[in-house]
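For reference, the structure discussed in these notes is given below.
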Amino acid sequence: MSTYVPLWCKSNFSFLEGASHPDELVETAAQFGLPALALTDRDGLYGIVIAHRRALELGVRLIVGAEVTVEDGSTIVLLATDRSGYRNLCRLLTRGRLRAAKGHSQVSWREVCEHAPGLIALWGGRRSLLVGPVEPLHVAESLREAFGERLYAMVARHRLDEETAEEARLRARARRYRLPLVAAVEVLYHCPARQPLQDVLTCIRHGTRLGAAGRLTRPNAEHALKPPHAFAELFADDFEAVARTNEVAEQCRFSLAELRYRYP
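As structure tokens, then:
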């Protein structure tokens, strides 16, 4: 059975969103026989050291990345391909944190593009402009110019009815902007049993109770890390998008093991 690489995973370092520790995600990836996993916490790299250590022990390659929040409220996932990309990602995230209120971050699309060298961009997901009602032509042109062939349209599926229309818009725009499609699930926990915890975290984040949360909480456990057969089933109609997860992962060769202390 062909495998895949999860490219959009959040741990509990995505505060009040992710419901699993970084090492739990890595351990489950190893159990599933996945060759690599991208840790892409929201606007930060806080969990990568824990994940890196466990990944080394288990033989899973850790891809360093982050889900970056832009000033218009949308997001884009960035993955480091090399040391220069890691440096640019750190600088971009630092800029976003310095100018925003505590616990928040925001950067401009111009800054995203300025920090593009050494990074792969995955553009998609429910908070992405690529699935929204307004045509993001200007942003698409800027991203294409900055990232070139390292810009992908990320098709995310969680078995929700509203995703059908969103994916249709994404696919139409990907054709128009000439973007390759890559399959993804927004991973928020390592196993389905963590969904109730994720619901509680969501309620805390929004200041509400479980009984009053309504559509704030997710209706199913489809944000769990998936074994290869389940991921292939979810994207049975688009094998190329599944295979492209491996293509993206192969480009991301940066490892924290490359970093050394530099004394004055």
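Residue numbers are given in this note's numbering: position 163 of the sequence shown equals residue 163, and the series is strictly consecutive.
Glycine is no exception: its CB is placed at the ideal position from the N, C-alpha and C atoms.
Just so we're clear, the structure is a prediction, and the values are computed from it rather than from any experiment.
Which residue wins for smallest C-alpha separation from residue i, given the options the options?
i, options, result
"Pro22", "Gly65, Ser2, Thr3 and Tyr4", "Gly65"
"Gly132", "Glu250, Thr75 and Glu111", "Thr75"
"Cys9", "Gly47, Phe32, Ser2 and Gln31", "Gly47"
"Glu258", "Glu162, Asp82 and Glu222", "Asp82"
"Ala183", "Arg244, Glu163, Val139 and Glu162", "Arg244"
"Val155", "Arg95, Glu222 and Leu122", "Leu122"
"Glu141", "Arg159, Leu216 and Arg173", "Arg173"
"Glu250", "Leu16, Pro35 and Ala29", "Pro35"
"Ala72", "Val134, Leu16 and Cys90", "This sequence places Asp at residue 72; Ala is not what is there. For the residues Val134, Leu16 and Cys90, the minimum Cα distance to Asp72 belongs to Val134."
"His115", "Leu89, Arg99, Arg95 and His138", "Leu89"
"Glu67", "Leu45, Leu58 and Gln198", "Leu45"
"Phe32", "Arg53, Ala19, Leu58 and Asp43", "Leu58"
"Ser20", "Gln195, Arg97 and Thr208", "Gln195"
"Phe235", "Leu216, Glu167, Leu16 and Arg54", "Glu167"
"Arg157", "Phe147, Val187, Leu256 and Val248", "Val187"
Is it true that the CB of residue j sits closer than 8 Å to the CB of residue i?
i, j, result
"Ile242", "Phe254", "Residue identity differs from the one stated: residue 242 is Val in this sequence, not Ile. Not closer than 8 Å, so no."
"Ala153", "Leu129", "no"
"Thr69", "Ser14", "no"
"Leu37", "Leu78", "no"
"Leu119", "Arg150", "yes"
"Leu225", "Ala51", "no"
"Leu39", "Ser11", "yes"
"Ala221", "Pro192", "yes"
Report the partner residues of residue i according to the DSSP bridge assignment.
i, result
"Glu296", "Look at the range of the chain in this structure, 1 to 264, and you will see that residue 296 is not part of it."
"Leu151", "Ala121"
"Ala156", "Ala184"
"Leu7", "DSSP, once it has assigned bridges, lists no residue as partnering Leu7."
"Val107", "Val70"
"Arg61", "Ala36"
What first and last residue would you give for the alpha helix (DSSP H) that runs through residue i?
i, result
"Gly124", "It is not in any alpha helix (DSSP H) - Gly124 instead sits in the beta strand (DSSP E) that spans Leu119 to Gly124."
"Leu92", "Arg83 to Arg99"
"Tyr177", "Glu163 to Tyr177"
"Pro227", "Where Pro227 is concerned, there is no enclosing alpha helix (DSSP H), given that its DSSP letter is neither H nor E."
"Asn12", "First-last for Asn12: undefined, no H or E at that position."
"Ala30", "Pro22 to Gln31"
"Val248", "Phe239 to Gln251"
"Leu197", "Gln195 to His206"
I'd like the span of the beta strand (DSSP E) that includes residue i, first residue to last.
i, result
"Leu188", "No beta strand (DSSP E) contains Leu188, which DSSP labels as neither H nor E."
Assuming residue i and residue j make a contact with CB atoms under 8 Å, what is their CB distance in whole Å?
i, j, result
"Leu25", "His229", "In fact, because the Cβ distance is near 19 Å, the residues do not count as touching under 8 Å."
"Val60", "Trp109", "Actually they do not touch by this definition, with Cβ atoms about 33 Å apart."
"Val107", "Gly96", "4 Å"
Compare the C-beta of residue i against all C-beta atoms of chain C and say whether one is closer than 8 Å.
i, result
"Cys252", "Included in the structure is just one protein chain, with no chain C present."
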